[in-house]
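2 protein chains.
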Amino acid sequence: MTTIRGARERARTEVTAAIKDEARRQLAAEGAAKLSLRAVARELGMVSSALYRYFPSRDDLLTALIVDAFNAVGSAAEQALATADSAGPAGPPGPVDRWTAICTAVRAWALAHPHEYALIYGSPVPGYIAPQVTVAPASRVGLALISVASDAHHAGGIALPTLSPELRPEAERLAAQFAPGLPPEVTAALVAAWAQLFGLISFEVFGQFNEVVEARDELFTQSVRRLAHEVGLLATAGPTA
Amino acid sequence: MTTIRGARERARTEVTAAIKDEARRQLAAEGAAKLSLRAVARELGMVSSALYRYFPSRDDLLTALIVDAFNAVGSAAEQALATADSAGPAGPPGPVDRWTAICTAVRAWALAHPHEYALIYGSPVPGYIAPQVTVAPASRVGLALISVASDAHHAGGIALPTLSPELRPEAERLAAQFAPGLPPEVTAALVAAWAQLFGLISFEVFGQFNEVVEARDELFTQSVRRLAHEVGLLATAGPTA
DNA sequence: CTCAAGCGAGAGCAGTGCTCTCACAAACTC
DNA sequence: GAGTTTGTGAGAGCACTGCTCTCGCTTGAG
């Protein structure tokens, strides 16, 4: 896979990585709106036009950063789930704890990288339309949440939420498309919980809780457990028990 | 109050309104990032430097638009609550219906004004710090939600949610600061529901539901009723019954 | 060894927010 | 009513921005 193809290609990947690193630095310092190609080039000791050899436009640079951010938060979620499953001193964790592990990891990543979080879960850039390459990385967190519900379901550790008749067709469509084998009651609740989870995180990251909520850890933890309950997850019963 | 002070002041308020109108038009067309003072001035037939007589900087124009947006969504919420209370063919509406009226109105406003919504509930502008004048308009939706819970509580139509011991001190602080007379169990759940409500709306407005959720009306309605239930609101019992 | 491809430098275009000075006109004072 | 203060618009200019184009140099493949 990573066969060295020559000095030129190696230099190219190195410069590409350096550009993205510097861009990420400016992103963290000033935000996406003030990300300037010229400033990146200046900091890297090259001239602005040279950057266009690596990224055809500013939006393409942003796309690369968006994909990286989605992958970062996605792998944070996946790793949190993995370590929660492995480091079990008292047996395998229950579905609620697995759910909480993912949510907590996403929140921690968001608080550690607010500008990258804003890039992917904040206001969309006006003319910018997310290219197809972003959808797979973007769905990693959602898939992790689905897997928790799916494992719990197969282990019998799930209680079906109520589902209004109006929402049932949509729930069945969602189940068929994203979580085959999961009851529609669960998938509908899952999608809602997914959005509400990011509502909690966004309000904290974007400062809406400033001067309002102080004990944010505690509020988040309680809310996430409630969301798990809404989805139907039960505190007892390990994923494979 | 609005005594006409002379032609000069009248012209000033007129021009100020025209600038904000044109800026709002550009906001709706292109988004906040592409809002250009020069373009606004061009459209209004004046020179760019003249705009600085009315708004000291681009950020000040944005602040004015932000305040207007908060007031717009706030009054939409308040009016929705008022009409829900007045137009009752079958007696006064229950707390859940009052809650749903507010949430639905906020969502409708957000979908109708996506860029203004992004301005106030999306990623914060990097260097921009919300001045004090924004906090009162910003809290109107929250206050409307609180009033629904408060009315229900005084009418005995509320069921106390569970409250973890870790969150209790914060909940009591919130109750004392924002909703005197409301039980801490309710205020904690209320704040969480507030954030989760905007999570649902933001995911829809910002396109996170694209290619995922189709029946958004139904999902929103069910989720909002669940949130009302989480806060402790009961479907029965009118606000003053 | 040759030659096309990749690359950086530089100039340049159209646009941006913002500052400054200058001239004019309205509004207030005496 | 004359004179002065104050608000206002126009214009030039500064330091930026994203982006395009051309020009040479270097590199690696044929």
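Listed in order, the protein sequences are those of chains A and B.
When we follow this note's numbering, the leftmost residue of the first sequence carries the number 13, and every step to the right adds one.
When we follow this note's numbering, the leftmost residue of the second sequence carries the number 13, and every step to the right adds one.
For each residue, glycine too, the CB sits at the ideal point set by N, CA and C.
Since this is a predicted model, take the numbers as computed values, not measurements.
Applying the criterion that 16 or more other CB atoms from any shown protein chain within 10 Å of the CB defines a buried residue, is SER135(A) buried or exposed? Stepping through the first sequence from its first residue, residue 135(A) is reached at position 123. Result: buried.
Report task. Indicate the three-state DSSP secondary structure (helix, strand or coil) for ALA148(A) in the structure shown. Result -> Residue 148(A) sits at position 136 when you count from the first residue of the first sequence. Of the three classes helix, strand and coil, the one that applies to ALA148(A) here is helix, per DSSP.
DSSP beta-bridge partners of ILE213(A): Position 201 of the first sequence, counted from the start, is the residue given in the question as residue 213(A). For ILE213(A), which the question treats as bridged, DSSP gives no partner whatsoever.
Cα-Cα separation, VAL147(B) to GLN220(A) | Reading the second sequence from its first residue, position 135 is the one you call residue 147(B). Reading the first sequence from its first residue, position 208 is the one you call residue 220(A). Roughly 10 Å between the two C-alpha positions.
Check: Out of curiosity, what's the CA-to-CA distance linking ALA191(A) and ASN83(B)?
Finding: Taking the first sequence and counting its residues from 1, one reaches residue 191(A) at position 179. Taking the second sequence and counting its residues from 1, one reaches residue 83(B) at position 71. When rounded, the separation of the alpha-carbon atoms in ALA191(A) and ASN83(B) is 41 Å.
* Asked: Along chain A, in chain order, which residues have C-beta atoms closer than 9 Å to that of LEU202(B)?
  -> The residue given as residue 202(B) occupies position 190 in the second sequence. Taking a Cβ-Cβ cut-off of 9 Å, LEU202(B) has no neighbours in chain A, whose nearest Cβ is about 11 Å from it.
Tell me whether LEU179(A) is buried or exposed, calling it buried when 16 or more other Cβ atoms sit within 10 Å of its Cβ.
By one-based count along the first sequence, residue 179(A) stands at place 167. Of the other Cβ atoms in all chains shown, 16 or more fall within 10 Å of the Cβ of LEU179(A); this residue is therefore buried.
Looking only at its chain, what residues have a beta carbon closer than 8 Å to the beta carbon of LYS32(A), apart from the 5 residues adjacent to it on each side? To locate residue 32(A), count along the first sequence from 1; it is residue 20. Here the set comprises LEU73, ALA76, LEU77, ASP80.
message = I'd like to know if the region 194 to 205 of chain B and the region 232 to 239 of chain A are in contact, where contact means that at least 3 CB-CB pairs between them fall below 8 Å.
response = Taking 8 Å as the limit for Cβ pairs, the verdict is that the region 232 to 239 of chain A does touch the region 194 to 205 of chain B.
query: So, helix, strand or coil for ILE141(B), using DSSP?
result: In the second sequence, the residue the question calls residue 141(B) occupies position 129. Here ILE141(B) sits in coil by DSSP.
GLY103(A) to ARG237(A), Cα distance in whole Å? Mapped onto the first sequence, residue 103(A) falls at position 91. Mapped onto the first sequence, residue 237(A) falls at position 225. The alpha-carbon atoms of GLY103(A) and ARG237(A) are separated by roughly 20 Å.
When PHE67(A), ALA44(A), VAL198(A) are compared against VAL27(A), the one with the closest alpha-carbon: Stepping through the first sequence from its first residue, residue 27(A) is reached at position 15. Sorting PHE67(A), ALA44(A), VAL198(A) by C-alpha distance to the C-alpha of VAL27(A) places PHE67(A) at the top.
For the region 114 to 140 of chain A, list every residue whose C-beta sits within 7 Å of some C-beta in chain B, in sequence order. Cβ contacts with chain B come from ALA130, GLY134, SER135, PRO136, VAL137, PRO138.
- prompt: Which word fits VAL160(B), buried or exposed, when buried means at least 16 other C-beta atoms lie within 10 angstroms of its C-beta?
  reply: Taking the second sequence and counting its residues from 1, one reaches residue 160(B) at position 148. Around the Cβ of VAL160(B), a 10 Å sphere holds 16 or more other Cβ atoms; the residue is buried.
Inter-residue Cα distance where the pair is THR199(A) and THR174(A)
Numbered from its first residue, the first sequence carries residue 199(A) at position 187. Numbered from its first residue, the first sequence carries residue 174(A) at position 162. Going from the Cα of THR199(A) to the Cα of THR174(A) covers about 11 Å.
Original post:
Would you report the Cα separation of PRO143(B) and GLY154(B), rounded to the nearest angstrom?
Top reply: In the second sequence, the residue the question calls residue 143(B) occupies position 131. In the second sequence, the residue the question calls residue 154(B) occupies position 142. Within the model, the alpha-carbon separation for PRO143(B) versus GLY154(B) is close to 19 Å.
inquiry  = Taking CB distances under 8 Å as the criterion, tell me whether LEU212(A) reaches chain B.
reply    = Looking up residue 212(A) in the first sequence gives position 200. With 8 Å as the cut-off, LEU212(A) counts as an interface residue toward chain B.
For a contact defined as C-beta to C-beta under 8 Å, what are the partners of GLY57(A) on chain B?
In the first sequence, residue 57(A) corresponds to position 45, counting from 1. Under the 8 Å cutoff, chain B gives no residues; its nearest Cβ is about 25 Å from GLY57(A).
Practice item. Look up LEU245(B) in the DSSP assignment and say whether it is helix, strand or coil. Key: Counting from 1 along the second sequence, the entry for residue 245(B) is found at position 233. In the structure shown, LEU245(B) falls within a strand segment according to DSSP collapsed to helix, strand and coil.
TODO: Kindly indicate the opening and closing residues of the alpha helix (DSSP H) around PRO181(B).
DONE: As a position in the second sequence, residue 181(B) is number 169, starting the count at 1. From DSSP, the alpha helix (DSSP H) with PRO181(B) extends over 180 to 190.
Q. Sorted by chain position, which residues of the same chain lie with C-beta nearer than 7 Å to GLN208(B)'s C-beta, five sequence neighbours on each side aside?
A. Here residue 208(B) is taken as the residue at index 196 of the second sequence, counted from 1. Closer than 7 Å at Cβ, skipping near neighbours: LEU239.
Check: Of all the residues that make up the region 158 to 179 of chain B, which are near chain A by a beta-carbon distance shorter than 7 Å?
Finding: So the close ones are SER176, GLU178, LEU179.
**Study point:** chain B residues whose Cβ lies nearer than 8 Å to that of ALA4(A)
**Key:** This structure cannot settle anything about residue 4(A), because the visible part of chain A is limited to 13 through 253.
If you measure from the beta carbon of VAL225(A) to each beta carbon in chain B, is any gap under 8 Å?
Residue 225(A) sits at position 213 when you count from the first residue of the first sequence. By this cut-off, VAL225(A) is an interface position.
(message) For ARG119(A), which residues in the same chain have their Cβ closer than 8 Å to its Cβ, ignoring the five residues on either side in sequence?
(response) Locating residue 119(A) in the first sequence gives position 107, where the first residue counts as 1. Same-chain partners within the cutoff: LEU212, ILE213, GLU216, PHE232.
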